[in-house]
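According to my numbering, the sequence shown is numbered sequentially starting from 1293. For glycine and all other residues, C-beta sits at the position ideal for the given N, C-alpha and C. Input: a single structure, listed below in structure tokens.
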Amino acid sequence: METQKQLRAALLSSPGPGHLIPVLELGKRLVTDHGFEVTIFVLPLKASRAEAEIIESAMTPKLLNIVELPPPDLSVVALSPNATTVTRLAVMMRETRPAFRSALAAMEAKPDVLIVDLFGTEHLCIGDELGIPKYVYIATNAWFLALLLHSPTLDKEVKGEYVDQTEPFNIPGCKPVRPEDVVDPMLDRSDQQYREYLRMASEIPMGDGILLNVWEDLQVETLAALRNKEFLGSVANGPIYTIGPLIRPVRPAGLEKELLEWLDKQPSESVLFVSFGSGGTLPAEQLVELAWGLELSGQRFIWVLRKPTTKSLDGSFFDVGKVGRGDELLSFLPDGFAMRTCDIGITLPSWAPQVDILSHPSVGGFLSHCGWNSTLESIVNGVPMIAWPLYAEQRLNATLLVEEIGVAIRPKELPSKKIVGREEIERMVRLIMVEKEGQAIRARVKELKSSTENAMTKRGTSYESLRKMKEDCKLRIHQINKAH
Ligand code: UDP
1293 METQKQLRAA LLSSPGPGHL IPVLELGKRL VTDHGFEVTI FVLPLKASRA EAEIIESAMT
1353 PKLLNIVELP PPDLSVVALS PNATTVTRLA VMMRETRPAF RSALAAMEAK PDVLIVDLFG
1413 TEHLCIGDEL GIPKYVYIAT NAWFLALLLH SPTLDKEVKG EYVDQTEPFN IPGCKPVRPE
1473 DVVDPMLDRS DQQYREYLRM ASEIPMGDGI LLNVWEDLQV ETLAALRNKE FLGSVANGPI
1533 YTIGPLIRPV RPAGLEKELL EWLDKQPSES VLFVSFGSGG TLPAEQLVEL AWGLELSGQR
1593 FIWVLRKPTT KSLDGSFFDV GKVGRGDELL SFLPDGFAMR TCDIGITLPS WAPQVDILSH
1653 PSVGGFLSHC GWNSTLESIV NGVPMIAWPL YAEQRLNATL LVEEIGVAIR PKELPSKKIV
1713 GREEIERMVR LIMVEKEGQA IRARVKELKS STENAMTKRG TSYESLRKMK EDCKLRIHQI
1773 NKAH
């Protein structure tokens, strides 16, 4: 018999705003639309300002139980000081397993279902220990998932480094992936992050299903390939639930008075928002070119400014939201930039209320690193993009947005490889903000905006997909209980 009691879900989020936000939003949906009771286990990065703010706003109104796990003891792990972000996250999540087990055991009642994100796949075994169904939430898109699930096969077939290959990689039933678009962990096969990535790929099918932060209409063919047993369906080994776009809601007082007043004064869709996610940092020379490009374009802008990086392009990931002094940041820009652009532009240090800015009617373009949350936030607000991929799976996302979905333009060469010059930036900004070609892209993103609205309404595809996941989950609970 079907159990009628309220289902209790335990969700585990890996650190970083880009991981935390979609997990919190999934938790809220499970509560408000599908009657779950949800506890979210989080592992904040040194309780960064950004994450504290994200958790706080997700708690108003209080729909979720949030449990902060103790920081894992990394002194016992031989983590190289040069370890990449992916390796660090994978190790942190692994080392947090005992604490997660204890926290689950300390819950008043055992959860009925476990949902982990990509970096949490090593915790799926806890679902088995507890005798409950378990799911993996891949909070990005279907093409990324297809590449990930196909990577163990590529690992066997491809000789040498992926980036040195001359032909795109075929993924059954999907758009092929160009060697330069592979995800960061595939850049160097001898690095620990590659081994962690392959491990995650092989663990995902151990779950009872996969949740994706997309909606059915966005990636029809790729989703079909992921579900087709002759293509990737046999690897995925379970249902794929499309439950997105789940993004942070706009907050009633999200914008500070001064910024709101400035935005209110600008013409409709006239402001370009420039931001590189939680981790993105640019080399000093690129900051200067970007500043010149914005100035030369003559277009209005809001730019979230960070200190330049001397090392990796995801340099601020582990201290996201740490604010440098505004005047110190301006010293990295061309002399007189702030004065010359004061009528058309605003720079904000380090971290900004992105969703609130993107949803303002004066914002009409987004120069973005193409993190998946940022991408969804742009589409949901009908804002066309200039794709500026830097790290993680962003090169793949950029290609998807430009070549398949049609909501973005991008520089001729990857910004992670070559400095993009001021003339090209000027040209791209003008194209997206004022030129005819840009209008076609704007029309396309508006179409998609309404397709997101349809998907998210009651009885829309994403609503129904999460409802189906709940039904399947009840069935699994029944099967597991019967087997015991
Ligand atoms: N974000 C924000 N303010 C900032 C930078 C980022 O609110 O100044 C939010 C952004 O709205 C998004 C998330 O942080 O929801 C970043 O996630 P994304 O997947 O775009 O990129 P990541 O930071 O994971 O690379």
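**OP:** Look up Met1498 in the DSSP assignment and give the residues it is bridged to.
**Re:** Start at 1 with the first residue of the sequence shown, and residue 1498 comes out as number 206. Its beta-bridge partners do not exist; DSSP assigns none.
Original post:
With 16 as the cutoff for other CB atoms within 10 Å, does Leu1503 come out buried or exposed?
Top reply: Here residue 1503 corresponds to residue number 211 of the sequence shown, with the count starting at 1. Label assigned to Leu1503: buried.
Original post:
Can you tell which of Arg1736, Glu1488, Leu1303 has its C-alpha closest to the C-alpha of Ala1375?
Top reply: Reading the sequence shown from its first residue, position 83 is the one you call residue 1375. Checking every option, the nearest Cα to that of Ala1375 belongs to Glu1488.
Subject >> Rounded C-alpha distance that separates Lys1760 from Leu1524 >> reply: As a working note, residue 1760 is residue 468 in the sequence shown. As a working note, residue 1524 is residue 232 in the sequence shown. When rounded, the distance between both Cα atoms is 21 Å.
Original post:
In three-state terms, what does DSSP make of Glu1294?
Top reply: Sequence index remark: in the sequence shown, residue 1294 carries index 2 (1-based). Interpretation of Glu1294 is limited by its pLDDT of 46, a score under 50 that renders its predicted location unreliable; no figure is taken from the coordinates.
Original post:
Residues bridged to Asp1409 by DSSP?
Top reply: Mapped onto the sequence shown, residue 1409 falls at position 117. The partner list for Asp1409 (beta bridge, DSSP) reads Tyr1429.
Original post:
Does the count of Cβ pairs from the stretch 1569–1587 and the stretch 1716–1729 closer than 8 Å reach three?
Top reply: yes
Original post:
Helix, strand or coil for Asn1357 per DSSP?
Top reply: Here residue 1357 refers to the residue found at position 65 when the sequence shown is read from its first residue. Three-state result, Asn1357: strand.
Original post:
Which ranges does the alpha helix (DSSP H) cover as unbroken runs of at least 4 residues, wholly within the stretch 1495–1554, from first to last along the chain?
Top reply: 1512–1519, 1525–1528
Subject >> Contact set for Asp1500: own chain, Cβ-Cβ below 7 Å, skip 5 residues either direction >> reply: Mapped onto the sequence shown, residue 1500 falls at position 208. Closer than 7 Å at Cβ, skipping near neighbours: Pro1425, Lys1426, Tyr1427, Gly1530, Arg1768.
**OP:** Have a look at Met1478, Ile1463, Asn1462 and flag the residue whose alpha-carbon is nearest the alpha-carbon of Gly1452.
**Re:** Walking along the sequence shown from the start, residue 1452 turns up at place 160. Considering only alpha carbons, the answer is Met1478.
**OP:** Would you kindly check if the distance between the Cβ of Phe1658 and the Cβ of Phe1565 is under 7 Å?
**Re:** Position 273 of the sequence shown holds residue 1565. Position 366 of the sequence shown holds residue 1658. Their beta carbons are under 7 Å apart, which means Phe1565 touches Phe1658 by this criterion.
Subject >> Candidates Glu1696, Glu1329, Lys1741, Asn1689, of which the one nearest Leu1706 by Cα >> reply: Numbered from its first residue, the sequence shown carries residue 1706 at position 414. Comparing Cα-Cα distances from Leu1706 to each of Glu1696, Glu1329, Lys1741, Asn1689, the minimum goes to Asn1689.
Original post:
Which partner residues does Thr1331 have in the DSSP bridge list?
Top reply: As a first step, residue 1331 is located in the sequence shown; it is residue number 39 there, counting from the start. According to DSSP, which records beta bridges pairwise, Thr1331 is partnered with Ala1302, Asn1357.
Subject >> Any non-hydrogen atom of ligand 3 closer than 6 Å to Ser1306 Cβ >> reply: Of the ligands this structure carries, namely ligand 1, none is ligand 3.
Subject >> Whole-angstrom distance between Gly1637 and Phe1593, CA atom to CA atom >> reply: Your numbering for residue 1593 matches position 301 in the sequence shown. Your numbering for residue 1637 matches position 345 in the sequence shown. Distance between the alpha carbons of Phe1593 and Gly1637: 5 Å.
**OP:** Pull up the distance between the alpha-carbon of Pro1309 and that of Val1475, whole angstroms please.
**Re:** Taking the sequence shown and counting its residues from 1, one reaches residue 1309 at position 17. Taking the sequence shown and counting its residues from 1, one reaches residue 1475 at position 183. Between the C-alpha atoms of Pro1309 and Val1475 there is a straight-line separation of about 19 Å.
**OP:** Report the option in Leu1597, Ala1700, Glu1387, Glu1727 whose CA atom is closest to the CA atom of Ala1644.
**Re:** One-based indexing of the sequence shown puts residue 1644 at position 352. For the residues Leu1597, Ala1700, Glu1387, Glu1727, the minimum Cα distance to Ala1644 belongs to Leu1597.
Original post:
Between Ile1313 and ligand 1, is the CB less than 6 Å from at least one heavy atom?
Top reply: Working through the sequence shown from its first residue, we reach residue 1313 at position 21. Checking the Cβ of Ile1313 against ligand 1 gives yes.
Original post:
Taking just the CA atoms, how far does Pro1600 sit from Ser1526?
Top reply: Reading the sequence shown from its first residue, position 234 is the one you call residue 1526. Reading the sequence shown from its first residue, position 308 is the one you call residue 1600. Distance between the alpha carbons of Ser1526 and Pro1600: 45 Å.
Original post:
If you run the structure through DSSP and keep just helix, strand and coil, what is Phe1565?
Top reply: Here residue 1565 refers to the residue found at position 273 when the sequence shown is read from its first residue. Strand.
Original post:
What whole-angstrom Cβ distance do Asn1505 and Trp1664 have, given they're in contact under 8 Å?
Top reply: The sequence position of residue 1505 within the sequence shown is 213, counting from 1. The sequence position of residue 1664 within the sequence shown is 372, counting from 1. Right, the Cβ-Cβ distance comes to about 7 Å (below 8 Å), so this counts as a contact.
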